[in-house]
Every structure is written in structure tokens, then in C-alpha cells.
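Residue numbers (UniProt numbering): 1 to 389.
Don't be surprised by glycine CBs; every beta carbon is placed ideally from N, CA and C.
Everything below concerns the one structure shown next.
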Amino acid sequence: MARTERVARVARGKRGLVAVPTRAVTVLGAGSWGTTFAKILADGGSDVTLWARRPELAREITEGKRNSDYLPGVNLPQSIRATADLADAVGQSSMVFVSIPSQTLRSNLAALAPLIGPNTVVVSLMKGVEKGTGLRMSEVLELGLGIDRDRLAVASGPNLALEIAREQPTAAVVSSASLGTAESVAMVASNRYFRSFVNTDVIGTEFGGVLKNLIAVAIGIVDGVGYGENTKASIITRGLAEMTDFAVAYGGRPETMSGLAGLGDLIATASSPLSRNNTAGRLLGQGYSFSDVVERMHQTAEGLSSVAPILTLAAARGVDMPIVQQVSQVLAGTLNPRDIAPHLTTDSLEPQGERPNDGRQNRGGSALRRPFQRAFDQLRNGRRGSPSD
Ligand SMILES: NC(=O)C1=CN([C@@H]2O[C@H](COP(=O)(O)OP(=O)(O)OC[C@H]3O[C@@H](n4cnc5c(N)ncnc54)[C@H](O)[C@@H]3O)[C@@H](O)[C@H]2O)C=CC1
Ligand SMILES: O=C(CO)COP(=O)(O)O
């Protein structure tokens with residue numbers, strides 16, 4: 001029987017009990033997220049092969065059903081197999097999920113491209129943009145693998161790996177230009193503790209995952225300095241507005257940013273000590289230099305690499321990103337972490353978080369608030385004026 005046709009389980013259909021075929025899927029990258037996602041897929045009934053770079057890790061996963069470096073104390077499903085051979089890992093899989101650090105994706109594509117079949121769906125689980133090009137991971141995959149957008153998807157959401165590996169319930173969004181592709185991936189990537197929803201806003205979904213990392217670094221800095229909840233709440237709230245302005249400027253939908261891939265992931269990442277971005281920020285806040293932080297981080301903190309390309313992209317579309325700007329200054333050593341207060345750097349009376357509910361951008365000022373802004377400007381310039389003039 002072909003790997004793609006294995007029977008996973010028996011389910012009740014219209015005509016009684018029917019066999020549900022197991023789908024052969026591959027996960028590339030046996031770090032904390034790749035291994036956790038392999039577990040999600042296996043617990044959803046798929047036949048999963050995991051690609052690990054190191055043969056000894058592949059052996060530990062296949063024989064011991066453990067990944068002790070990345071997921072200590074977690075037992076992996078018996079059905080998961082790992083290999084260090086990329087061709088063996090991809091085999092005849094109908095879906096390939098990619099979970100390696102964003103900055104390494106490009107260098108893996110030449111080896112991967114010839115292995116991808118004409119109908120294979122490729123799903124990015126990564127949350128970074130490529131330094132130098134500013135491309136999103138699905139764009140790097142599209143260009144590097146030469147496959148149609150309809151066969152590409154991204155998955156994102158409040159998904160701290162260790163919590164999910166411990167089977168704590170959560171949800172995610174699977175997004176593709178093709179709704180059918182998103183739905184078929186979401187069905188495979190769902191089980192009793194993990195639920196995938198779908199949308200077609202690939203840009204918003206992908207940028208949500210990238211941008212929340214940057215805000216999580218800022219929150220980590222605040223934690224490290226020792227500031228409290230008011231500072232963090234201000235940065236989270238205005239961070240969401242900053243994320244939304246950016247994503248909308250690049251064609252994402254504002255509602256995506258208030259969903260799981262935006263606000264949901266922002267809350268999870270900004271508030272959890274499990275977050276590597278938050279941890280990196282905390283070390284910066286405690287006074288460690290950027291190079292010290294990089295040395296101390298044993299896992300991927302995507303936010304550190306995304307700051308520069310995101311600021312370049314923001315400048316190209318005229319998007320103001322005071323929080324990301326200050327994170328960049330702390331990383332460069334030009335801003336004392338104690339001085340982090342992005343909401344104090346703006347002259348505007350109109351906080352970015354206060355936008356109308358119709359999803360339109362608010363940068364020019366809503367009709368309602370414009371008179372107040374004018375009055376404020378007049379007062380500041382030493383002239384009297386009434387808020388209604
Ligand atoms: N850990 C988490 O909770 C989540 C992570 N993600 C995203 O998943 C992606 C992967 O992150 P993690 O698994 O957490 O990172 P990790 O640091 O735990 O693991 C990275 C994996 O990539 C491998 N790797 C390193 N350099 C490589 C290279 N040059 N070529 C191929 N493989 C290489 C490592 O051996 C390791 O297996 C990131 O983009 C991250 O933002 C997304 C959601 C949740
Ligand atoms: O993306 C994540 C949670 O959704 C993981 O965040 P960190 O990469 O900061 O650990």
C-alpha cells in the first residue's frame with residue numbers, strides 16, 4: 001500500500017463505518033516548532049515524516065520518540081518517523097510543512113525544489129522576513145521552488161510550541177490564495193487540542209506573525225528594565241496599531257490583525273516567558289548587548305533578524321513604527337533600554353490604537369478628532385482656539 005493511502009482510523013460516514021485514509025505529510029525542521037507541528041499532524045491522523053538536520057536527532061525521534069533538546073519531557077506519537085535525508089523525508093508526501101529559521105530558508109531551496117511534486121502543497125510555519133530582500137517566507141518559497149501561489153499556504157497564530165506539545169488547547173489560521181488549499185491544510189492541521197481556521201489573507205497572516213515578534217521584543221525589554229503593566233499595555237495596544245498600519249500598507253486586511261494571527265499571537269508572545277523573542281528582549285532590558293543576547297539564545301528568535309528589513313519596508317510605504325524603531329535603537333546600543341517609551345515620541349494627539357471600526361486607516365485623523373488636534377496644535381503654538389472651530 002502506498003504511503004499516501006494508509007488507513008488511519010475508522011469513522012462513521014453516511015453509509016456506516018468507513019476507513020479514513022492517512023495522508024503522508026512531511027515537516028522540515030526538527031526544532032521546537034517543527035517537532036511540535038509534526039505531533040499536531042500525527043495526532044490529527046497523518047502519517048508524518050520529520051526532517052532533522054542532525055542524524056543523531058533523527059535517531060532520537062524515531063527510536064526514542066523524544067526530542068530532548070527542544071521539547072524536554074514531551075513524548076512524541078509512536079507513528080512519527082524522522083530522517084536526516086531530505087529526499088527520504090519528502091518522498092511522496094502531499095503536503096510539506098517548512099519550519100526552519102527564516103534566514104536559512106533560501107539556502108535550503110535548491111535541494112528542496114526538485115523533490116516537490118506537481119501537486120504537492122507547501123506550507124510555511126515560519127515567522128520572519130528575509131534580510132536583504134524583505135520578502136515574506138511564502139514569497140521566498142514561491143520564487144525558490146517555482147510553484148504556483150495556489151499550492152502555497154502559511155500557518156500562524158498564538159502557538160507557543162511547548163504549550164501545544166503538552167496538548168494545551170489552542171487555535172491557528174491557515175491562509176492561502178486558494179481557499180481550497182487553505183481548507184485542506186486546515187483539516188490536516190487540526191486535532192483534539194489544535195484547531196485551524198482559514199482565510200485568504202496571506203499577507204496579513206504572514207506579517208502578523210513577523211510583526212508580533214518585534215513587539216514581543218519591546219515587551220521583553222520593558223520586563224527586563226522592570227517597568228510594569230501600564231507600560232506593557234501601552235506598547236501592546238499601540239503595537240497592534242503599528243502592526244495593522246504596516247500590514248494594511250502592504251495589502252493585508254485589518255481584520256486579520258485583530259484575529260488569531262495578529263492580536264492573538266501578540267498576546268501569547270508578549271506575555272509568555274516561553275517566547276524566545278520576549279526572552280531576547282528581557283536580556284536586552286537587563287543590559288546585555290545584542291551580541292551577548294545572540295550568544296545566549298540557543299533557539300531561534302526571529303524578531304532580532306526582522307527588525308531591519310521591516311523598518312526598510314515601513315519606510316518604503318511611509319508607515320510610522322515608533323516601537324520597532326526603538327527596538328532597533330536598543331539593539332544598536334544607541335538607546336538605553338530604560339528610555340524605551342515609544343508612545344512618548346509622537347506629537348500626535350491621536351493614538352494609533354484609536355481607529356474607527358470600519359477598517360479604514362486613520363493616519364490622516366478621523367473627522368471626529370480633527371478639531372481636537374487643531375485645538376491642541378493652536379495651544380501648543382501659543383494661540384487660543386476652541387475645539388469646535
Ligand atoms: N517555537 C515556537 O513556539 C514557534 C516557532 N515558529 C516559527 O518556526 C520557525 C522555526 O522555529 P523553531 O522551531 O522554534 O526554531 P528552533 O530554533 O527551535 O529550531 C530551528 C530548527 O532549524 C534547524 N536549522 C538551523 N539552521 C538550519 C539551516 N541552515 N538549514 C536547515 N535547518 C536549520 C535547527 O537544526 C532546528 O532543528 C521560526 O520561523 C519561528 O518563528 C512559529 C510558531 C511557534
Ligand atoms: O510564534 C510563537 C508563538 O506563536 C513563538 O514565539 P517565539 O518565537 O518568540 O518563541
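Relative to the Cα of ARG253, the nearest Cα in the group THR83, ALA30, ALA315, PHE207 belongs to PHE207.
For the pair GLY29 and ARG53, the Cα-to-Cα distance works out to about 7 Å.
For ARG195, the three-state secondary structure derived from DSSP is strand. Taken through DSSP and simplified to helix, strand or coil, MET95 comes out as strand. Annotation for ILE236: ILE215, ILE219, LEU266, ILE267, ALA270 place their beta carbon closer than 8 Å to its own, counting only its chain and skipping 5 residues before and after.
Residue burial is scored here from C-beta neighbours: ALA110 has fewer than 16 other C-beta atoms within 10 angstroms and is therefore classed as exposed.
By the criterion of a C-beta distance shorter than 7 Å, PHE37 is surrounded in its chain by VAL27, PHE97, SER99, LEU125, once the five residues flanking it on both sides are discounted. Taking 4 residues as the minimum length, the alpha helix (DSSP H) runs contained wholly in the stretch 32 to 101 are 32 to 43, 55 to 59, 86 to 90, in order along the chain.
Put simply, the backbone Cα of GLU242 is about 15 Å away from that of GLY303.
Looking at the DSSP output, LEU304 bridges to nothing.
Judged by DSSP secondary structure, THR181 falls within the alpha helix (DSSP H) whose first and last residues are 179 to 188.
Take the alpha-carbon of ALA233 and the one of LEU283: they are about 20 Å apart.
By the criterion of a C-beta distance shorter than 6 Å, ALA161 is surrounded in its chain by SER32, TRP33, THR36, once the five residues flanking it on both sides are discounted. Beta-bridge pairing by DSSP links ARG136 to VAL129. Contact check for GLY157 against GLY264 passes: the beta carbons are separated by less than 8 Å.
Where VAL330 is concerned, the enclosing alpha helix (DSSP H) starts and stops at 322 to 332.
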